[in-house]
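Student:
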Amino acid sequence: MEKALFIRRGTRKEVSMEMINMHEKQQFMDDKKLIAIISEAGSAGVSLHADRRAKNQRRRVHVTLELPWSADRAIQQFGRTHRSNQTSAPQYRLLFTNLGGEKRFASIVAKRLESLGALTQGDRRAGPSLSAFNYDSTYGKKALTMVYRGIMEQDSFPVVPPRCSDNQASIEEFITEAKVALVSVGIIRDATVCNGKVAGKLSGRIVDADMHDVARFLNRLLGLAPDIQNRLFDLFISILDVVLHNARREGQLDSGIVDIKGKNIELKEPPKTVHVDSLSGATTILFTFTIDRGVTWESAKAMLDGRENDGAGSSNDGFYESKREWMGRRHFTLALEGSTEGIYKIIRPAIGEALREMPLSELKGKYRKVSSIDKVSKGWQDEYDVSSKQCMHGSKCKVGSYCTVGRRLQEFNILGGLILPVWGTIEKALAKQVYQNHKRIRVVRLVTTNDNQRIVGLFIPNAAVESVLTGLQWVQDIND
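All residue numbers for the sequence shown refer to UniProt numbering, where the first residue is 1 and numbers rise by one.
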């Protein structure tokens with residue numbers, strides 16, 4: 001019978017307890033130990049990669065036993081084994097259950113691994129921001145408060161809960177199930193069963209500290225049965241989307257570097273030099289692009305046919321029609337199941353693939369599947385054609401031709417080159433704009449489709465171009 005020998009860490013006298021972690025790390029890098037275990041507390045400032053300067057240059061296999069809820073924390077941990085000056089890139093093994101929420105999050109983290117490295121967000125080569133996957137944000141906290149207020153019947157939900165209809169009875173049934181679930185995990189406290197007219201109704205309270213604690217909500221979800229866990233998580237995500245949409249519409253959404261996507265991105269005209277620094281000679285350049293974000297009916301049909309021919313599709317793949325009318329007409333979309341079961345990519349005629357994938361419950365709550373190809377093709381083509389000239393708000397939009405919400409063809413202005421010396425001038429010019437979403441300074445990044453040219457700079461709304469150019473010319477005249 002083989003015997004195992006265990007040596008307790010920190011028993012050697014030559015290493016103090018304060019330095020034991022660094023000693024263990026060095027033994028791993030010196031090839032004296034082949035396994036290193038790191039906690040979240042040790043996931044910053046420690047290098048465990050296959051460093052060319054270290055004796056242990058074996059390819060690393062990074063096993064994650066428990067994924068953190070924050071994508072930023074996960075990437076921080078993965079960065080311990082994937083750093084500069086390495087002989088080989090690590091392999092990652094993500095362990096997770098088949099629960100909907102955890103599978104969804106694991107999928108998000110896996111998609112972000114390719115953005116690891118020392119690149120900064122402002123670099124043209126850098127990956128997109130992780131802010132869209134950060135639930136524990138100002139917007140996430142606001143969405144959670146709306147979830148709790150809806151469950152406690154202090155306010156109505158801004159969306160229909162998953163697997164509920166517009167029928168109030170189905171929503172009340174969900175609220176009852178949600179209350180029981182939240183009582184069981186200690187979020188709803190001092191729970192009592194009411195008597196009288198509302199006999200059998202559950203009441204209680206959620207303390208103020210929990211109303212905004214997204215981390216606690218997500219952690220407590222794992223203690224619930226899979227069905228109600230997934231429904232609560234889907235409700236939270238749906239409300240978060242509403243909060244983000246409203247913030248974006250009001251021009252208040254701070255999403256860091258924004259990647260501009262489109263089926264076709266081309267320079268409309270040659271770049272124009274609008275300012276030359278008197279000391280360095282560096283130039284500020286205005287780029288004007290035309291962007292087509294849409295997907296033709298032929299392309300959409302080919303996507304669906306390709307999935308069916310490959311046998312990779314699901315029974316719920318297909319074309320869907322919105323249950324409700326928007327601006328006098330119903331809208332069509334193509335739904336294709338993504339890498340995670342039950343989560344669907346959404347492709348629309350005017351804007352192409354949506355940034356966020358949609359759970360099946362939400363998809364069926366908002367849309368109905370359409371089997372008539374003739375009906376879909378006509379509706380799809382109509383929306384594709386109309387969106388080339390006007391936004392989704394229609395011809396009566398208050399913003400007029402400057403509104404780009406849901407518009408397929410857009411003209412996009414980016415100010416690149418030397419920016420910092422004229423930042424104040426640009427800021428003042430944008431502050432004069434009428435609409436709030438035209439006043440914010442936003443850094444954007446795009447890649448042209450014809451020559452793969454990468455551009456990073458400040459987004460200048462069409463309505464603000466003249467004001468910005470006037471300000472830059474005034475600065476140029478003073479310096480000259």
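Just so it is clear, CB atoms sit at the ideal spot from N, CA and C, and this is done for glycine as well.
Because the structure is a prediction, the values reported are computed rather than measured.
#1: Roughly how far, in whole angstroms, is the beta-carbon of Gly457 from the beta-carbon of Thr283, given that I think they are within contact range, below 8 Å?
#2: Where does the unbroken beta strand (DSSP E) through Val295 begin, and where does it stop?
#3: Give me the Cβ distance between Ile346 and Thr333, rounded to the nearest whole Å; I'm assuming they're in contact under 8 Å.
#4: If you draw a straight line from the alpha carbon of Gly471 to that of Ile291, how long is it in whole angstroms?
#5: Use the C-beta contact count for Lys396: other C-beta atoms within 10 angstroms, 16 or more gives buried, fewer gives exposed.
#6: What three-state label does DSSP hand residue 486 in the structure shown?
#7: Taking the CB atoms as reference points, tell me whether Tyr139 and Leu240 lie closer together than 8 Å.
#8: Quick one: what's got a C-beta closer than 8 Å to Gln433's C-beta in the same chain, skipping five residues either side?
#9: Can you list, in chain order, the residues of its chain whose CB lies under 7 Å from that of Lys197, leaving out five sequence neighbours each side?
#10: I need the DSSP call for Ala225, collapsed to helix, strand or coil.
#11: Mind checking whether His62 and Gln86 have CB atoms under 8 Å apart?
#12: Of the choices Gly262, Ala431, Gln436, whose alpha-carbon is the least far from that of Glu353?
#13: Ala178: buried (16+ other C-beta within 10 angstroms of its C-beta) or exposed?
#14: So, with DSSP's three-state summary, where would you put Arg231?
#15: In the DSSP assignment, find the unbroken beta strand (DSSP E) run with Lys345 in it and report its ends.
#16: From Arg53 to Lys33, what does the alpha carbon distance come to, in whole angstroms?
#17: Okay, do the stretch 311 to 326 and the stretch 355 to 375 touch, 3+ Cβ pairs below 8 Å being the bar?
#18: Just to check my reading of the structure: Val159 and Ser238 have Cβ atoms closer than 8 Å, yes? What is that Cβ distance to the nearest angstrom?
#19: Can you tell me the Cα-Cα spacing of Arg80 and Val46, whole angstroms?
#20: Thinking just about the alpha-carbon of each residue, which of Lys55, Phe289, His212 is nearest to the one in Gln410?
#21: I need the straight-line Cα distance from Gly400 to Arg408, nearest angstrom please.
#22: CB-CB under 6 Å to Pro271, same chain, minus the five flanking residues each way: which ones, in chain order?
#23: Residues in the same chain with beta-carbon distance under 7 Å from Thr273, minus the five sequence neighbours each way, listed in chain order, please.
#24: Taking only runs of the alpha helix (DSSP H) that begin and end inside the stretch 378 to 446, which ones reach a length of at least 4 residues, in chain order?
#25: By the three-class DSSP mapping on this structure, what secondary structure does Arg356 have?
#26: Round the Cβ separation of Ser361 and Pro162 to the nearest angstrom and send it over; I've been treating them as touching at under 8 Å.
#27: Of all the options Cys164, Ser165, Ala215, which has the alpha carbon lying nearest to the alpha carbon of Asp136?
#28: Could you spell out the range, first to last residue, of the beta strand (DSSP E) harbouring Ala335?
#29: Looking at the strands, I want to know which residues DSSP matches up with Tyr92.
#30: Compute the Euclidean distance between the alpha carbons of Ala429 and Ile75, then round it to the nearest angstrom.
#31: If you draw a straight line from the C-alpha of Val276 to the C-alpha of Ile414, how long is it?
#32: Buried or exposed: where does Ile336 fall if 16 or more other Cβ atoms within 10 Å of its Cβ makes it buried?
#33: Can you give me the C-alpha to C-alpha distance between Lys141 and Asp213, rounded to a whole angstrom?
#34: If we ignore side chains and look at the alpha-carbon of each, how far apart do Val258 and Val444 end up?
#35: From Glu298 to Asn452, what does the alpha carbon distance come to, in whole angstroms?
#36: Out of Ala300, Phe174, Ala302, which has the shortest C-alpha to C-alpha gap to Leu235?
Tutor: For this structure:
#1: Between Thr283 and Gly457 the Cβ distance is about 12 Å, and since that is not below 8 Å, they are no contact.
#2: Counting along the chain, Val295 falls outside any beta strand (DSSP E), and DSSP gives it neither H nor E.
#3: 6 Å
#4: 27 Å
#5: exposed
#6: Given a span of 1 to 480 for the chain in the structure shown, any question on residue 486 remains unanswerable.
#7: yes
#8: Lys439, Pro461, Ala463, Ala464, Ser467
#9: Because the pLDDT of Lys197 is 48, which lies under 50, any placement of that residue in the model is unreliable, and the question is left without a value.
#10: coil
#11: no
#12: Gly262
#13: buried
#14: helix
#15: 343 to 348
#16: 17 Å
#17: yes
#18: 5 Å
#19: 6 Å
#20: Phe289
#21: 15 Å
#22: Ile285, Phe287
#23: Thr283, Ile285
#24: 423 to 431
#25: coil
#26: 4 Å
#27: Ala215
#28: 332 to 337
#29: His62
#30: 38 Å
#31: 17 Å
#32: In the sequence under discussion, the amino acid at residue 336 is Leu, which differs from the Ile named in the question. With 16 or more other Cβ atoms within 10 Å, it is buried.
#33: 7 Å
#34: 5 Å
#35: 25 Å
#36: Phe174
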